[in-house]
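Residue numbers (this note's numbering): -18 to 110. Glycine residues also receive a C-beta, built at the ideal position from the N, C-alpha and C atoms.
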């Protein structure tokens, strides 16, 4: 599997499936994984908490990949995420990400996330733990 296919598969699986276990996360992400979202750094354990929080608070999540570029161990994506919140409202984010992949595991992600639709309280949803 190419690194870009690995990243796209991980993104869609992690966000669009209703139930994600730690063992599934570990299939895609290295144990020393970290993520920087709009300047906020979260560790692997924080990332697991972040995924669990999204699973509890969002439904009907849809990831639309707008573009992907791969160069060596670097994969860049431009994607949009749309979802429903528990209160019935909808949210939409635009995301620009750079993933570093090594030995078929995602090692880190640096991303800029912009809310397109949603409440002000959702501004930090991309990194909330």
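Using the Cα positions of residue 46 and residue 34, report the straight-line distance between them to the nearest angstrom.
-> 22 angstroms
From the DSSP output, read off the bridge partner residues of residue 93.
-> 77
Buried or exposed (CB count within 10 angstroms, at least 16 for buried), residue 50 = exposed
For the alpha helix (DSSP H) holding residue 7, just list the boundary residues, first then last.
-> 3 to 9
Chain D within 8 angstroms of residue 80, Cβ atoms only | No chain D appears in the structure shown, which is made up of a single protein chain.
Note the first and the last residue of the continuous alpha helix (DSSP H) segment covering residue 110.
-> Where residue 110 is concerned, there is no enclosing alpha helix (DSSP H), given that its DSSP letter is neither H nor E.
Cβ neighbour criterion (16 or more within 10 Å) applied to residue -10 | exposed
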